[in-house]
Amino acid sequence: MPELLDVEGFRRFAERHVAGRAIRSVHVLDRELVRNRSARSLQSALAGQRFGTARRHGKWLILPAGEAELLMHFGMTGALAWAPNDADRHRHDRLVVVFDGGELRYNNMRRFGGVWLARDADERELVTGSLGPDAATLGPEKFAALLDARRGGIKAALMDQHLIAGLGNLMSDEILWRARVHPEASVGSLTPHRRQKIYHELRAVIGESSRYGRVPHGRRWLTRMRDDRDASCPRCGSRLSRTRVAGRTACWCPRCQRR
DNA sequence: TTGCATGTTCCGGA
DNA sequence: GTCCGGAACATGCA
């Protein structure tokens, strides 16, 4: 699930349910997913604190709690849920934060990602590593400058969190498909016009998706087609190709996205 | 049983 | 230093 848009959905979800509320207790259901503190130390750091305004940088969710921050990464299968009480917890719920009147559940089947506590901005950056500017607020000049300093393939560049934070496999495929750029094209081979087109589609994909908190599965989106074995291009009807690009399965149209 | 899955990190090699 | 591919991580599903 989680790329930038999904995490943005989680941010809003957290904002709606827990911002400003006092934490009554913290239940660590899977010790391993609390990555940089003991369960006990996380509990004592959070209990009694209030969550401030939820932030997001790339695929990271940042929940200020008192002086500290609770950092969440969702890996490939993470999600948040809210429940009025402790009934019917799921076996993949890894961390539960309890408030008066309900509880926030961090669920993660495959256990990539996890939860960290950061005492300050320095510790946060230690945890997240250096992140590029968030894709949702990246300006055109900055995007152009980042690509100018980059070699290698365009899909790898879009997915590199150090360069731009937030884009993953699905969104990079969606953007390149809309921009009609082959996923293996090298950055250096792209004309300024092509790069502007990629930027334009990046903004469009994020903009059109943001109200859903995820990339839509509509008929005109590549994302919807990639699950089908005999998927065809929503634009031209050609059979879509699947190849490994930058370590992931890229889905693209051999007719629309020529080298 | 095998392969694949929207994530990151680490390693060796060019 | 840069970039790439591959393997690893953990779990479930087709």
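For reference, each letter of the first sequence is one residue, going 1210 to 1468 in the working numbering.
Glycine included, each C-beta is placed from N, C-alpha and C at the ideal position.
Just so you know, these numbers come straight off a predicted model, no measurement behind them.
Helix, strand or coil: how does DSSP classify N1378 here?
-> Correct three-state label for N1378: helix.
Option nearest R1468 by Cα separation, candidates E1417, A1440, C1442, L1399 = With respect to the C-alpha of R1468, the residue from E1417, A1440, C1442, L1399 having the closest C-alpha is L1399.
Does the ligand MG have even one heavy atom less than 7 Å from the beta-carbon of S1250?
-> Summarising the ligand content, the structure contains no ligands, and the ligand MG is consequently not present.
Buried versus exposed, by CB contacts within 10 Å (16 or more), C1442 = C1442 comes out buried.
Buried or exposed: P1211, going by 16 or more other Cβ atoms within 10 Å of its Cβ?
-> Per the 10 Å Cβ criterion, buried.
Contact between the region 1383-1397 and the region 1329-1337 (3+ Cβ pairs under 8 Å) | No, because fewer than three Cβ pairs between the region 1383-1397 and the region 1329-1337 fall closer than 8 Å, the two stretches do not touch.
Would you mind reading off the limits of the alpha helix (DSSP H) that contains G1218?
-> Its alpha helix (DSSP H) spans residues 1213-1227.
What's the gap between the Cα of R1240 and the Cα of G1362?
-> Computed Cα separation, rounded: 38 Å.
Residue span of the alpha helix (DSSP H) that contains T1432, given as start and end = Following the DSSP letters along the chain, one finds T1432 inside the alpha helix (DSSP H) bounded by residues 1431-1434.
Whether R1423 touches D1215 by CB criterion (8 Å) = Judged by their CB atoms, R1423 and D1215 are nearer to each other than the 8 Å cut-off.
Separation of I1271 from E1278, as counted between CA atoms | Their backbone Cα atoms lie some 6 Å apart in a straight line.
Given T1262, which residues of its chain have a CB within under 8 Å of its CB, disregarding the five upstream and five downstream residues?
-> Take T1262, set aside five residues on each side of it, and the residues of its chain with a beta-carbon closer than 8 Å to its own are E1224, A1228, P1273, in chain order.
Kindly indicate the opening and closing residues of the alpha helix (DSSP H) around P1349.
-> Judged by DSSP secondary structure, P1349 falls within the alpha helix (DSSP H) whose first and last residues are 1349-1357.
Find out if the Cβ-Cβ distance for the pair L1367, L1355 is shorter than 8 Å.
-> In this structure, L1355 does not lie closer than 8 Å to L1367 by Cβ.
Where G1322 and V1235 are concerned, what is the direct C-alpha to C-alpha distance, given to the nearest angstrom?
-> Each residue's alpha carbon lies about 19 Å from the other.
Report, in whole angstroms, the separation of the C-beta atoms of N1317 and R1303, which I expect to be a contact under 8 Å.
-> Yes, N1317 and R1303 are in contact; Cβ-Cβ is about 5 Å, under 8 Å.
Thinking just about the alpha-carbon of each residue, which of R1265, V1306, T1337 is nearest to the one in R1220?
-> For the residues R1265, V1306, T1337, the minimum Cα distance to R1220 belongs to R1265.
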